[in-house]
Each structure stands twice: as structure tokens, then as C-alpha cells.
Amino acid sequence: GWAGGYPEIVKENELFEQYYRELGIVPAGEWDAFMAALREPLPATLRITGYRSHAKEILHCLKEKYFRELQDLEVDGQKVEMPQSLSWYPEELAWHTNLSRKILRKSPQLEKFHQFLVSETECGNISRQEAVSMIPPLLLDVSPHHKILDMCAAPGSKTAQLIEMLHADMNVPFPKGFVIANDVDNKRCYLLVHQAKRLNSPCIMVVNHDASSIPNLQIDVDGRKEILFYDRILCDVPCSGDGTMRKNIDVWKKWTTQNSLQLHGLQLRIATRGVEQLAEGGRMVYSTCSLNPIENEAVIASLLEKSQGALELADVSSELPGLKRMPGITKWKVMLKDGQWFEEWKDVPSNRQTQIRPTMFPVKDEEKLKAMNLERCLRILPHHQNTGGFFVAVLIKKSPMPWNKRQPKVHQKLPQRTGDTEVTAANSGNGSDCITEEPTLAENEESKKMQELQNSDTEQSKKEGVCGPPPSKKMKLFGFKEDPFVFLPEDDPLFLPIQKFYALDPSFPKMNLLTRTQEGKKRQLYMVSKELRNVLLNNSEKMKVINTGIKVWSRNSDGEQFGCAFRLAQEGIYTLYPFIHARIINVCIEDVKILLTQENPFLSKFSSETQKKVKDMAMGSIVLKYDPDPEKPHDLQCPIVLCGWQGKTSLRAFVPKNERLHYLRMMGVEVFKAKRKEEELENKTEEEGQHRLAQTEEGMDVEDKEHDLVTKMEAEIGEESSLSPVESSAMEIENKTEDLDQSSKNANTHVSQENKDTDASNVKD
């Protein structure tokens, strides 16, 4: 019976139909359409990264080239429909098509389009994300100055959206806001890192905590410590997932009401912890990919009831015009997996009262119920716009929670040492200067413990600006132990040659530079925003940070002879560029094509203008800048900044392969290879030779440790590295993945140059 593979899952579940028919969440006369939609595969959707200056170029490329090639195409006898933009998503930046993932991956006619999607996804220019999953970040109404918490963030597509919104103005390298992305699962945190790192932002931090008890963080405000409250919180909680039946067909077989009953308590605890950490006037979006009111309206109603007026549901009916939605319901019942129904808590027998809780039932007081405005919640039904099922509620915090009437602040002031890398925490003798009451005894105890921990911290750590990881006796570490985050001291001799070589602007925030090693040579320099630095320095004892910062400089083994031991890293070039005033070469579009298509081109191949500029410049790391010419509308119309290296007789770009392909596509260069795997095998020996030649001729730094890791990964996934040979940072190792689905397996590499070869779970968004 197994010869033909696994038996196909039958898309039937009597209990599911009985439950949702009885609850009446589907309008009369639409039940058959609802069930028929659930049995159809989910259309593929993609989102163009909105903050990139070249988003318009990608959109133009998609519409004019790839979508046109899909016209009149038939795959397995099925006509391919032209992709359509999602009417409710701003600026035509989200699209869906009837092509399933399976068809996209397997059809030779679609290989070109599939390769485009994979490559652009790896660059962070496109996200393949389910349509309904795009809704919560849009309803958060994010501005670049907002402090944002994503409570259950993995695998990270919504986090990526939030980062994009922070960088709405690309001319501001360091927005004042930041995203702290949390997940309870250590392995999934690395998948989260992989997603977030594609966007190269200095304003993202990935942490690993149980969302229902995520600690209060503290920041230094004018020399005193205050609890950090978030302006925006995304609370996309774990759920039974019955809205995902179209892509997770296992749900048909496994679905039972028991899942929702078991998750309700956790969902309520996470949401409660979220609103506790929300600033007054802040907005929290609660969402699930479930249709079940036990996980949705019941959680919101319970939260509103215990908030005693501190929270209200926002009316978002005018937001996202074009999105078809159903209002939240006010009446529902609870059903056990054996089909037994209960309308009120008092009907529940004592032996069932551990499974069913009072908070699962609707509020009986009609006046209270009306004041809650539960109809302001929104439920997305699959048959309305050919999507998955989803639930969203937008909460506004009007005042502190009743058990937290005064916003908590810690009774201490901080002496500030000018020129030091860290603001040191110490007890203040006159705490009366900022007397406010702690909200609860538990938080008071937590504050005392934290203060003791800070006081017991060694002076050496303070001097070096070392942030974590916390000692195991103070916090038990799960998963892989992370390297510390060590900020560069103000007087570090490492920085002076860098500053001089690149003529960095006096406004360059060098205090935000950090490394991931306390001893030995600093191999990589990373950068965070000023606000994240504040968070890092003040919370190392209570927070498990998995990753933060973008790589801006990488040590070059022979760099000293060229005047600077550190070369520029492509990941951080858009952040660094506004501060660099030397070693910039403006190039024309033909030069850019040469740089991106040839491995180590001779100077003679470039335009005479470029040759003149290079002639008087010393060897070493350089910036290659392309500015569009408005008088040539057919040329690429977005600026490009590339990291490069000037040798004695050559000029080359150090750009990851997928990023190279991206720029070439935008310039109209054909990069598709129908037999790319065969060609890669044929070219492997030649490329390895070029690799060695490049190392010898240019003296560039390819660390042994990195090389070993690349080799190991190549052996594991059985394919050639997708990068230019020399550029082999941890982020670029991640770019090896041939498919986004594989990224979840390979998301083990951390951006820290002291790579952890960790194993991430195979999770899909």
C-alpha cells in the first residue's frame, strides 16, 4: 500500500463543520463557498520591500518583464492567471497569483520566474508572505520614531515589515525607533535573524524569552533609569491555525476544539503582558491565524474586562480600504472535542473546569458587552478574497492597567562618565528625586534583584562596555550560548586609522560600534542605533540577546600595508555611506555592469573618467557609487552604493551573488541560466582557482574559520557557494540557500563573525 507514496489527506472534518456552522461566523448562504475555498490550495503571494529606494524599479521589472512572460502560459493543462496586486495593500507592493509553491518549483516554464523570486528574496527585496499575514503590521500604524516590540516574531515576515516601516525615509541611516523581536523558541530565533538580516538595519534586536513573562527592560533617560514602554506592540500569538488549512493540510486531520481550549490561557497571558508594556496612547495589534472565538474574541473580551477602561478597541474600519472583513462576534459557545456544548460557565461540570475556564465565555452583562465594541475586531474569511483565515484586533491603551496605576520607574540615578563606553548603574543616595511607586510587589522585588545584580557586576565589564550574555547562575541559558556584545571604548586605537582612511564625518556615532569578542583581534565591527545601544547597556543581566547590529567593517589580514586594517562590508554600506568623505568613486552604468559581471576586471576595461579617479588613489577598500541620470530614463533610475577593492591593476566589487543578480536585473541584463547547476559544477574548479588568485593578488581577508564553515555548509547542502569567493561573511553564507524554504534549515548561521554552526527548525511562514 505504500508503493504510491503517502495517502492523500482527505479534506473533511465533521467536527470542524459542526462547530463553525453552529457559531455562525460565516454569513448565511456562504457556507458552501467557505468550505470550497478551504479545500483549494492557497495562491502564492509576494511583497516588495517598501523602504528600498529601488522598490519602484523592482515593481517595474516584475510588471514589464516577468508578469508579461506569464501571459497565455499553461502549466499541467492549467492556464496561469496573470498576477494581481492586492487591492488593499499600499502602492501596489503586494501581489498574488494562482501559482502554488509546488508548481513554481517544479515547472520548467516557470524556472526563470522562480529563480527571480528566490534570488530577490535572499537580497531582502521581496518577501514571499501570506496575504493575511501582511495585515497586522499595516494596522500598527508605525512611524520611524516608534519603539516596537514583536512578542512572538518567528519566522519573521511581519518583523521585516516593521523594519521597513522604520526606514520609511532612506536618507535617515539611524531612525530613532527600533524593533525588539522576541521568540520563545531558540532555534526559531535564528530563522528570525536570517529574515531580519536581509534588510540590513541597525535598529533590530532579536531576543529569546517566553512572551508571557518577557522582562521589563530599562533605559537611561537623562541619567536615571526608567522602564521601557513600547509605542507599538505586535502580539501575533501561537494558535490552533485552523485559518491555515489551505497550506497546512494536516490541520484537516488533526483539528479539534481541544487545541483552542488549551491555547486560550497562554494567549491571554501573552496579550496581558503585552498591554502591561505598552505606553499610554500606544497601539497593540492582537492577531491569530485561527477563526475560533475562544482564541480571538474571548481573549480580547477578557482583556478589556480586566483592564477596567484602560484599554479600548480601535475602530479600523476605514483603514486598508479594499480589504473585505467580517466584524467580531459578541455571542459564542464553548464545545468540547466530544461535541458537548456549554453556553455559560455555570453549566460546566466541576470535572471539566480545568479544561474550560470562565474567560472563554462571552460577557453576559449587555451594557458591558456593548461598551467593549467587539464588532471592531475583524475576521478575514478565506472565500471573500481568496486568502487564508485570520483574526485581528487593534487595542489602544488610554491609561495604566488597574494593577499598574502609576507607570513604574526605578528609584535610582546614574552617574555618567563622559567618554566612557557605558553608562554605569549605581545606587543613588537621594532616590527621593524621582520617587514613584512600583506597580506590584513582584515588580518591586524584580527591581531590587536587578539592582543587586548590577551592583555586583565587575568594574572591568563596565569599563569595556560588555553586554551579556548573563551569567548562568543569574539566568539559565537555553540553546546556544551567544558571544557578548562589546562596545568599542571611546579611546580605542583601532578606530583612528579607520576614521582617517575613510575621512569619516565628525558626526559619525563611533560609540555605537561593537564587536562580538572580548579577547584577541577584533575581526568584525558591527553597528547599532543609539537607542538600541541604550537598551543593550542597561539590560545585559535580564535579557538574552540572540543578535543585533549590522556588519560595517571586516578585518583584512594584509590591510595595514594599505593604510587601514578594515575593509567596508556591503551589508552596512547604506548605513555608513552618509558619513564617508573619502575613497568614493562615482561610476557610470557601464562600469557597474563590468563590476558586477566580471570577477576581477583590469582598470583598462573601465571608462576613462573612472580610470582617472582611480589613478591617484591608494590601494585598498573603496566605495563605488552610481547616480542615475534623469536625462536617460531608460537607464536604471535608482542610486547604487557598492563596496569594492582597488588593486594595483584591477578594480573589483565585493557584493554577494544574489545582490549582484538583483542589480543586473534592474539594469536589464539577462542573468538567467537554464542549466545553472550543470554550469556551476563545470565552473567550480575555475572559480576555486580565481578564489586563490584573488587572495594572493589582492591580499584580501578570508578567515580560516569562515572558510571552514562555508566548506562544511557546501558539503551539507551539496551545492556551490552562491557568493563571490572572497565575500564570505556569515550573512552571505545564509545567502547560499537556493530556496526560501531551505532558508529555515540553513538559518543556523548567526551574523556574528564568531559563527555558531547551529541548527534551525524547518519552519515556514
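Number 300 in the UniProt record's numbering belongs to position 300 of the sequence shown; there are no gaps in the numbering.
Positions of the beta carbon are idealized from the N, C-alpha and C atoms, including for glycine.
The structure displayed is predicted, hence computed values, not measured ones.
Exposure label - residue i; buried when at least 16 CB within 10 Å
i      : result
Phe116 : buried
Gln195 : buried
Trp255 : buried
Gly77  : exposed
Trp95  : buried
Pro656 : buried
Lys542 : buried
Gln353 : exposed
Glu727 : Residue placement at Glu727 is poorly supported in this model, since its pLDDT is 36, which falls under 50; the coordinates are not used for a value here.
Glu659 : buried
Pro81  : Before going further, note that residue 81 is Glu rather than Pro in the sequence given. Glu81 is exposed by the Cβ-count criterion.
Leu488 : buried
Leu514 : buried
Neighbourhood of residue i by C-beta distance below 7 Å, restricted to the same chain and skipping five residues each side
i      : result
Gly572 : Asn200, Met527, Ile550, Lys551 and Val552
Val614 : Ile585, Leu603, Gln646 and Leu651
Glu344 : Phe361
Asn248 : Gly241
Thr159 : Asp150, Ala153, Val179, Ala181, Leu192, Gln195 and Ala196
Ala55  : Ile48, Thr49 and Leu93
Gly265 : Arg357
Reduced DSSP category for residue i - H, G, I as helix; E, B as strand; rest coil
i      : result
Ser728 : Because the pLDDT at Ser728 is just 34, under 50, the model does not fix this residue reliably, and the point stays unresolved.
Trp332 : coil
Asp250 : helix
Leu303 : helix
Leu162 : helix
Gly339 : coil
Met511 : helix
Gln385 : helix
Tyr502 : coil
Lys605 : helix
Phe361 : coil
Asn586 : strand
Ile227 : strand
Leu651 : strand
Val132 : helix
Thr575 : helix
Leu395 : strand
Glu670 : coil
Ser287 : strand
Glu12  : coil
Host alpha helix (DSSP H) of residue i (start-end)
i      : result
Gly265 : Thr257 to Glu276
Ala565 : Note, Ala565: premise wrong, no alpha helix (DSSP H); not H, not E.
Asp591 : Ile589 to Thr597
Leu536 : Lys530 to Asn538
Lys613 : Ser608 to Lys615
Gln195 : Asn186 to Lys197
Arg105 : Arg101 to Lys106
Glu541 : Element bounds for Glu541: n/a, residue is neither H nor E.
Leu139 : Ile135 to Leu140
Lys176 : It is not in any alpha helix (DSSP H) - Lys176 carries neither H nor E in the DSSP assignment.
Met372 : Glu366 to Met372
Beta-carbon contacts of residue i that lie in its chain and below 8 Å, excluding the five residues immediately before and after
i      : result
Pro27  : Met326
Met667 : Ile589, Val592, Lys593, Asp635 and Leu636
Unbroken beta strand (DSSP E) run spanning residue i, endpoints
i      : result
Glu312 : Leu311 to Leu313
Asp150 : Lys147 to Asp150
His96  : Ala94 to Thr97
Cys643 : Ile640 to Gln646
Val552 : Ile550 to Arg555
Ser119 : Ser119 -> not in any beta strand (DSSP E); alpha helix (DSSP H) instead, spanning Glu111 to Cys123.
Arg232 : Tyr230 to Asp236
Met619 : No beta strand (DSSP E) holds Met619; DSSP gives it neither H nor E.
Met401 : Careful: Met401 lies outside any beta strand (DSSP E) and carries neither H nor E.
Leu378 : Leu378 to Ile380
Neighbourhood of residue i by C-beta distance below 6 Å, restricted to the same chain and skipping five residues each side
i      : result
Thr575 : Pro173 and Pro202
Leu568 : Ser621 and Cys643
Ser212 : Arg269, Ile270 and Arg273
Phe606 : Asp591
Pro471 : Caution is warranted here: a pLDDT of 42 is assigned to Pro471, below 50, making its placement in the model unreliable, and no coordinate value can be reported.
Ala298 : Met360
Val10  : none
Check: residue i C-beta below 7 Å from any heavy atom of the ligand FMN
i      : result
Met617 : As far as ligands go, the structure on display features none, and thus does not contain the ligand FMN.
Please list the segments of the beta strand (DSSP E) lying wholly inside the stretch 27-82, counting only runs of 3 or more residues, in order along the chain. 44-48
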